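Protein chains in written order, with this note's numbering: chain A, 1122 to 1691; chain B, 1122 to 1691.
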């Protein structure tokens, strides 16, 4: 192949594809340059003056390297990898570091393998990080457990790129044997380890890093960012749907710039469709004042360097021909997207077919519960004051508020108050576990809602003011094999949306799924769910026992700061 | 091991070694920070406040990461790897990317293996680049040939780090089959390829880079540097004895900074001893106006990134504990050098023993020539004007001057002129080849000098104004098994210095070798060699047929620009 590149570079033969008359971002020197970009096979072979078998006129456009998403859970889009690609590739993303943490928590290695195999037929490089924390905590029941031994066995798989975000930072600090085995296995295999260590500082951060961990996407404070970078970490600028820290971009200096990369972590299909992916992050951080070439460099070369992806993330001979021609470095509207040297999207539309989607049996039918009854949701509290969960809008950090409660028939009365019942019903092993809590201020009235996405073990999480509606909701989720449900006590109506892949994602096309999803969300708001919350998705994070402060899992109420269960009684 | 790091990082146990009260360079943010640096095993485990089993007070000193020499031929020091380490480690260099191109040209893979094995017992990481161009050109006779097939076979050796400087750029441009095989083999093995492409621009540079080549240490012009960096290359700032381009540092900008690294390429023992190694380069580029933290970053993190050396080149938890405590960032005088967590040099003196040096039989006795006679050096020129080589002082670029010649007895008369005879006597295969030329302006009078270092095939190169003295010189070199020689026609004195390892390096200690070497060089100057030349070493580059313009090899006079032999007749 080298011969073909060299001959075309020297113009002895025409290049296969030439982006003519381009302005392009040179991430190596920070300049914007002019010239044709010649491509042969999957490589750029030269910049300068070239003729091609096929030519695309890029006059008036600016070409940038394809974007690299440094950390993403595809599952959060509720789409199959194929449909996910159909939304993000036309936006300019050509490589993602994907951590299939969610589906692996439900389906084990079958989930991981599913994401890998479903990604092969789309023009998107999906680098699979082996989820490191399955389950995320030992305090909940997940569909699978990946022990140290399992990590050791699987980390060397050829389709595994690295070790996914190491959320169990207490386990690292305490030298948990299983944790150490996982980290050592990744190092032995020479693989990169992603981090996740919100608000870990000083000697504890040193200790965490001694696990050989490279990145963090959780930090938001200037001091935390500065300390993490100064200790050798790469820091992600995150543009998720619920979790965002685009503000991190304001801490970029010329001296620390190369340690910032971009990611989306968790981003919904609706946002991908309507607002965009990394293109939207770029648009926003540039609007926020960051030099556009610096922004592009973070989204491309920096990420490639962080993850050891050689000859990727720049426009230069022998570098991967992942290219995006955008209108300008303000809008970042992608006119053409080239992946591995082929035009794969134009004017925001994919030029590849995603209608044939890989769908193995072992990621389907994953909701295993006995039939639920209204009395399963009785909440027995032995005091007049109880802990109620709250959530800070726009984030996943929860609070704890002490509330006065009324009781009747051994149950807490929530109707007519701003309290709601929250329940996590275990759905993998049929343990019958139901964790219960109170939530204040979500707004839902006269029914129940539920979803089989409940980070990170993805049991059924339900919220409601009516035990019967909550039981109906759970039973409906079982019936449809996972998804979202909304039950109206007054009308008896039950609305649902099926997420057949692990109860997390749909095998349907992005467009129809999104339309139905939006309709269901609107119905939830119509039942009172405040618009400052993301209806179902904010619910899905109330069980995430690695993010402060109070969380609910199938085994009970959990105090993240104490890393222990806690009583509901205040 | 991770457990030990983590526990020490958290201060549950004392660190093994702590650099107390340090100021240190944070290459990630460009800041100078304060704190203790804690070390366990070969790793830094933390910065902050620490206690250690052993503590070194670094108050008043500044700690920087150990320097990385991005490209060096150890052979140019004329020292064994052990003795080389004894000079450079105390200066602060802890990792070198070593290309044993010279000894491999003489001894084949045995030379390469020798450098690798001799380096194991010194506290210096020697990353061995498999020499890519043995011989450098097909126009000369070398001791070994590494074909594409040989490269394919050897590149996957565990002791081989990458593929050495690809000097045969015409071969790349012309898609020479053997060249392509070498490049493809390196890519298949996932190994980095160093470049060497002086004054290659535009489409030709694109083509060269399509070989997948990463670095260049030859460029000196602003435009060339800018183009090479903009095309994804790393550019070396070179501090050799003969070849220098420290001036490249003035083209560093905040935006392109990360693509600059430091190297020494070819540096003599005397310079290493008296002036230093990368410490001297740092001193000089900082004196020249470069921000010292930027300079340090080029010498450390940038080089580590260029060569994919993870967790190296920065002061951070889990990063390799290669540390240098210097007096300040102006003098860069190394007070303490830590390699892999151990104190290995103090106050410029090595704390490791290099008296036991590895010396295998297959790198000794490498001068294979028949006895030479005075008539072997008769130079028969069929014209009155001839091409005479010249050399630009301070470099290795030669010129061609047309000179009038006198003849007598079928030989050119050089005595009483400013011309000298130059001869390259093949010494590997006993072919009897002698290439002859004229040189103008070296200054030597009344005798001959010679050396078995003659880049890159390392035949015997001789210069003189007396055929008999030239024959004596060659025979002496044979007798001593390689080295340098000076013959005084008037007194009959023959002075020599033995370089027993491949005729290139000495198995002796650095100090006594250097003393004797200096004495011999002085004798050469006493015989008229101009002080603007480096006596023997300038001679050694007159056969380097990859550097413009006119060169002499065992097969004859070579025009580098035409890449073909040329007649001496003008």
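Where a beta carbon is used, it is the ideal one built from N, C-alpha and C, also for glycine.
This one's a predicted model, so the numbers in the text were calculated from it and none came from an experiment.
Asked, Found
"Which listed residue (A:1661, A:1584 and A:1558) has its alpha carbon closest to that of residue 1686 of chain A", "A:1558"
"Proximity test, Cβ basis, 9 angstroms: residue 1122 of chain B and chain A", "yes"
"Through-space distance from residue 1656 of chain B to residue 1507 of chain B, alpha-carbon basis", "24 angstroms"
"Selection from A:1496, A:1400 and A:1548 that minimises the alpha carbon distance to residue 1533 of chain A", "A:1496"
"Nearest neighbour of residue 1329 of chain B, chosen from B:1310, B:1304 and B:1380 [CA to CA]", "B:1304"
"Cα-Cα separation between residue 1635 of chain A and residue 1391 of chain A, rounded to whole angstroms", "6 angstroms"
"Selected residue, minimal CA-CA separation from residue 1345 of chain B, among B:1510, B:1422 and B:1366", "B:1366"
"In DSSP terms, what residue 1609 of chain B is bridged to", "B:1568"
"Completely contained beta strand (DSSP E) runs for the region 1521–1566 of chain B, where each covers 3 or more residues", "1527–1529, 1532–1534, 1540–1546 and 1555–1561"
"Assigned secondary structure, residue 1591 of chain A (DSSP; H/G/I helix, E/B strand, else coil)", "helix"
"Residues that residue 1377 of chain B contacts on chain A, provided the C-beta gap is smaller than 8 angstroms", "1149, 1150 and 1151"
"Three or more C-beta pairs below 8 angstroms linking the region 1255–1268 of chain A and the region 1284–1299 of chain A", "yes"
"CA nearest to the CA of residue 1626 of chain A, picked from A:1197, A:1183 and A:1168", "A:1197"
"Sub-9 angstroms separation of residue 1608 of chain B and residue 1427 of chain B beta-carbons", "no"
"Run of the alpha helix (DSSP H) containing residue 1324 of chain A, from where it starts to where it stops", "1323–1330"
"Residue 1485 of chain B versus B:1525, B:1569, B:1203 and B:1599, residue with shortest Cα-Cα distance", "B:1599"
"Outcome for residue 1377 of chain A when other beta-carbon atoms lying within 10 angstroms are tallied against a minimum of 16", "buried"
"Own chain partners of residue 1595 of chain B with C-beta closer than 7 angstroms, once the 5 adjacent residues on each side are dropped", "1490, 1493, 1546, 1571, 1581 and 1583"
"Whole runs of the beta strand (DSSP E) within the region 1178–1212 of chain A, excluding any shorter than 3 residues", "1183–1186 and 1188–1193"
"Residue nearest to residue 1194 of chain B in terms of C-alpha spacing, selected from B:1362, B:1462 and B:1127", "B:1362"
"Rounded straight-line distance, which links the Cα of residue 1481 of chain A to that of residue 1230 of chain A", "13 angstroms"
"Span separating the alpha-carbon of residue 1621 of chain A from that of residue 1601 of chain A", "8 angstroms"
"Whole-angstrom C-beta distance between residue 1127 of chain B and residue 1294 of chain A, which should lie under 8 angstroms", "7 angstroms"
"Whole-angstrom C-beta distance between residue 1526 of chain A and residue 1505 of chain A, which should lie under 8 angstroms", "6 angstroms"
"Inter-stretch contact (C-beta, 8 angstroms, three-pair minimum) for the region 1395–1402 of chain B and the region 1161–1175 of chain B", "no"
"Short CB-CB distance (under 9 angstroms) between residue 1458 of chain B and chain A", "no"
"Integer Cβ distance of residue 1664 of chain A from residue 1575 of chain A, believed to fall under 8 angstroms", "4 angstroms"
"Selection of the region 1430–1444 of chain B by Cβ proximity to chain A, strictly under 8 angstroms", "1431, 1432, 1435, 1437, 1438, 1439 and 1440"
"Segment limits, alpha helix (DSSP H) that includes residue 1643 of chain A", "1631–1647"
"Own chain, CB closer than 7 angstroms to residue 1275 of chain B, minus 5 neighbours either side, in chain order", "1230, 1251 and 1281"
"Buried/exposed call for residue 1512 of chain B, threshold 16 Cβ in 10 Å", "buried"
"Own chain residues within Cβ distance below 6 angstroms of residue 1590 of chain B, not counting five before or after", "1568, 1569, 1608 and 1610"
"CB contact check: residue 1333 of chain B to chain A, cutoff 9 angstroms", "yes"
"Exposure of residue 1652 of chain B, with buried meaning 16 or more beta-carbon neighbours within 10 Å", "exposed"
"Pairwise C-alpha distance: residue 1332 of chain B and residue 1402 of chain A", "35 angstroms"
"Residue 1208 of chain B vs residue 1393 of chain B beta-carbon contact at 9 angstroms", "yes"
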